[in-house]
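Novice: First residue of the sequence shown? That's -4 in the numbering used here, and the numbers climb one at a time after it.
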Amino acid sequence: MHPREYFDRLATRYSSVTSSGIGGVMKRRERNSIIRLLSPKKGDSILDAGCGSGFYARLISDLGAEVSCIDIAPKMVEVIAGVGFRAHVCDVESLRLERKFDKILCAGVLEFCKQPLRALMSLREHLRNGGHVVLTFPNVSILGLTYWLYHLTHGVTISLFTLSRVASLLESAGLRIQVIERPLPFLFVVKARPI
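#1: Here's the rule: buried if 16 or more other CB atoms are within 10 angstroms of the residue's CB, otherwise exposed. What is residue 27?
#2: Which residues in the same chain as residue 178 place their Cβ atom closer than 8 Å to its Cβ, once the five residues preceding and following it in sequence are excluded?
#3: Just how far apart, CA to CA, sit residue 172 and residue 111?
#4: Buried or exposed for residue 78, please, with buried defined as at least 16 other CB atoms from any protein chain shown within 10 angstroms of its CB.
#5: Since I believe residue 96 is in contact with residue 41 (beta carbons under 8 Å), could you give me their beta-carbon distance rounded to a whole number of angstroms?
#6: As an exercise, report each continuous beta strand (DSSP E) stretch of at least 3 residues that is fully enclosed by the region 59 to 116, in chain order.
#7: By DSSP, does residue 136 sit in helix, in strand, or in coil?
#8: What residue does the alpha helix (DSSP H) around residue 57 start on, and which one ends it?
#9: For residue 87, which residues from the same chain have a beta carbon less than 8 Å from its beta carbon, with the 5 sequence-adjacent residues on both sides left out?
#10: Have a look at residue 187 and residue 121 and give me their C-alpha separation to the nearest angstrom.
#11: Check this for me: beta carbons of residue 72 and residue 83, under 8 Å apart or not?
#12: Would you check if the distance between the CB atom of residue 147 and the CB atom of residue 181 is smaller than 8 Å?
#13: Between residue 92 and the rest of its own chain, which residues show a CB-CB distance below 7 Å, the 5 nearest in sequence each way excluded?
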């Protein structure tokens, strides 16, 4: 199954899945790292690449930044546009928005990309030179394999990454890691700036 179809099926209940139970606990730990590294503030223009149903877009907007949202799943975009956010259906691997942003958040996307380098290059093209990208990715580990298996049982194949592979992909895309956090045993959050 293509990730577009998978996330379209989840769109109307995605927020509740990620806000309660064990999913909610994991999301809070991820959120703390992401918001700390993204550091959204008034006047920032931020691209939420892979916005889902708008969990991070809402937080970023509440902190005063201007948020533009993209997602590969049309139904996710309907959900977020329905609550007033500027949102477009886009594939991060072929992104062409004709503008640049101060900061870019790409959470929970890289593992679904067939060509992760292409996705990172697209993000770099949309980033202002003084800006930064905050990226999450699942790592190769026992819990990472559990995450991979979960998606496989739902018909979606994802990728797991080592930190060194992502660092290499980012360098090839013109970005260098500045900060690394690991809020969950199977998840890295990194902040990268243009080289």
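Cβ coordinates follow ideal geometry from the N, Cα and C atoms, glycine included.
Nothing here was measured: the structure is a model prediction, and the numbers come from that model.
Specialist: In short, the structure shows the following:
#1: exposed
#2: 24, 25, 27, 28, 184
#3: 16 Å
#4: Flag for residue 78 reads exposed.
#5: 6 Å
#6: 61 to 66, 81 to 84, 96 to 101
#7: coil
#8: 50 to 57
#9: 44, 45, 65, 67, 101, 104, 108, 114, 117, 118
#10: 14 Å
#11: yes
#12: The answer is no: Cβ separation not under 8 Å.
#13: Residues of the same chain with a CB within less than 7 Å of the CB of residue 92, apart from the 5 flanking positions on each side, are 121 in chain order.
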